[in-house]
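All remarks here apply to the structure that follows.
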Amino acid sequence: MADNNSSLMAGVPELVVLRLLAERDMYGYEIARAIKALTRDALRIGEGVLYPALHAMEARRLVRSRARLADGRTRIYYSLTASGRSRLARLTASWRRMSEGVESILGGTAHG
Amino acid sequence: MAEPRFLELRAGLRAAGVSKRNAQRAACEIEDHFAELVADALACGASESEARRDAHATLGSDALLIRRYASRPELLAWSSRWPALWFTLVPLGCYLALSVASMAILVLCLEQMHAYLGTVNVAPALSRIIDRGMALVFLGLFPAAIAAAFGVWALRRRIPLRWPLIGIAALSVLASLINMEFVITGGPSPGYAGAGIGISMRSLLPQLGRALAVGTLAAAPLWFAARRNKRNVRPESN
């Protein structure tokens, strides 16, 4: 499994899920599979994290859910709300700021 | 395919204070997720038992999942989110609402029976029995039943017992401060119903006695349920 600092990773599931849902509506299994495939296994957001995160985001009205019949199964599809979009913009900006800061240290440009 | 694991998961989530809706949805979605994992593994050539075993392993431990749900206040039921408020003040509100509604129904019945009561005379002894019976129901049975129900509810939701115990004490004291009268005389004055709240040094001792009796009656089911829970806890085996 990829190295996983829990405090560093705390906001990642929310950011990643919101980003994926910004593309299109998805259901839980599809989100888990997309994360695995897109990050080439570097990021693993287990089911034990994904579903509580999804349901908490729905309670905070960042996403909304809708049951849809697909392949003979009723699946719960999640889509982004307007609040979810603005939350995604904020989280993306702060993630970029943080990663640029870390990158500048790792790249050795922090010391003058 | 009904997996016992997901029924247990739902029960575990409810016991941890997760709201009914969220517990139900979590169990359903995770069961669907499990079915998809199994279907994918079967499509890749795994045997049924391998596919199911791997799917269970991928989902991880239920205890961890329950802990993650329980750590998010927005996913909890109101009773678990605000236990102090829920188990101390809500029983008082329920008791007052039930008493007012029941009293209104009684007064309505008395109004409807007005014509009939005007033609009969109710013996004073019978009137006293009715009055005492009503007092027993309103000031004893109602508060004790409500407080006991909230107590057992708190125990099932693993809420710290101090909250339902404070609720029982508050409800017992409130019920002991209320005085009510329900008189049916018949004849020209068919009767009346009334209630008031008050405390006086003269009635302090009987009121304390009433509060103690109601409190004991309400705490008894909680005590029995807590004892049964304790007996049912088995030492964990490795």
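Sequence order for the protein chains is E and D.
So for the first sequence, the working numbering puts the first residue at 369; every next one is plus one.
So for the second sequence, the working numbering puts the first residue at 234; every next one is plus one.
Think of the CB as a built atom: it goes at the ideal place given N, C-alpha and C, for glycine as much as any other residue.
Is the beta carbon of residue i sitting closer than 8 Å to the one on residue j?
i	j	result
E/ALA400	E/GLU415	yes
D/ALA259	E/TYR419	yes
D/LEU242	D/ASP295	yes
E/TRP463	E/LEU389	no
E/SER451	E/ARG429	yes
D/ALA334	D/VAL385	no
D/ARG413	D/PHE371	Checking the displayed sequence, the identity of residue 413 of chain D turns out to be Met instead of Arg. Taking 8 Å as the Cβ cut-off, D/MET413 and D/PHE371 qualify as a contacting pair.
D/GLU307	E/ALA427	yes
D/GLY250	D/SER313	yes
D/LEU388	D/ASN465	no
E/VAL470	E/LEU448	no
D/ILE363	D/PHE415	yes
E/LEU437	E/GLY396	no
D/ARG305	E/VAL417	no
D/GLU236	D/GLU281	no
E/ALA402	E/MET394	yes
Rounded to the nearest angstrom, how far is the Cβ of residue i from that of residue j, given a contact under 8 Å?
i	j	result
D/VAL355	D/THR418	6 Å
D/ALA274	D/GLU283	7 Å
D/ALA403	D/THR321	6 Å
D/ALA380	D/GLY400	6 Å
D/SER252	D/ALA310	4 Å
D/PRO397	D/PHE383	6 Å
E/MET425	E/VAL385	7 Å
D/ALA377	D/ALA330	The Cβ separation is near 16 Å, so there is no contact.
D/ARG390	D/ALA248	7 Å
D/GLY442	D/LEU343	Not a contact, Cβ separation roughly 30 Å.
E/LEU456	E/ARG387	6 Å
Looking at the C-beta of residue i, does it have a partner C-beta in chain E at a distance below 8 Å?
i	result
D/ILE263	yes
D/ALA382	no
D/TYR349	no
D/ALA276	no
D/THR307	Note that residue 307 of chain D is Glu in the sequence shown here, rather than Thr. Yes - at least one Cβ of chain E is within 8 Å of the one on D/GLU307.
D/ARG314	no
D/ARG247	no
D/GLU269	yes
D/ALA259	yes
D/ASN255	yes
D/HIS289	no
D/ALA279	no
Does any C-beta atom of chain D lie closer than 8 Å to the C-beta of residue i?
i	result
E/ILE444	yes
E/SER467	no
E/ASN372	Low local confidence applies: a pLDDT of 46 at E/ASN372 is under 50, so the model's placement there is unreliable, and no value is given.
E/MET369	Caution is warranted here: a pLDDT of 38 is assigned to E/MET369, below 50, making its placement in the model unreliable, and no coordinate value can be reported.
E/GLY480	Summary for E/GLY480: the model assigns pLDDT 48, below 50, so the residue's position carries little reliability, and this model does not support an answer.
Residues, ordered as in the chain, of the segment 386-402 of chain E that lie near chain D by beta-carbon distance below 7 Å | For the segment 386-402 of chain E, the set of positions with a beta-carbon nearer than 7 Å to some beta-carbon of chain D reads GLY396, TYR397 in chain order.
Going along the chain, which residues of the segment 403-424 of chain E sit with their C-beta nearer than 7 Å to a C-beta in chain D?
-> Result list: GLY414, GLU415, GLY416, VAL417, TYR419, PRO420, HIS423, ALA424.
Compile a chain-ordered list of the residues in the segment 292-307 of chain D whose CB is closer than 7 Å to at least one CB of chain E.
-> Under the 7 Å Cβ criterion, the segment 292-307 of chain D contributes LEU292, GLY293, LEU297, LEU298, ARG301, TYR302, ARG305, GLU307.
Check distances from the C-beta atoms of the segment 428-440 of chain E to those of chain D and list, in chain order, the residues that come in under 9 Å.
-> Taking 9 Å as the Cβ-Cβ cut-off against chain D, the residues of the segment 428-440 of chain E that qualify are ARG428, SER433.
Counting Cβ pairs, one atom from each stretch, are 3 or more of them under 8 Å apart for the segment 441-458 of chain E and the segment 254-269 of chain D?
-> Touching, per the Cβ criterion.
Segment contact flag, the segment 444-453 of chain D with the segment 404-413 of chain D, C-beta cutoff 8 Å, min 3 pairs = Yes: at least three Cβ pairs fall under 8 Å.
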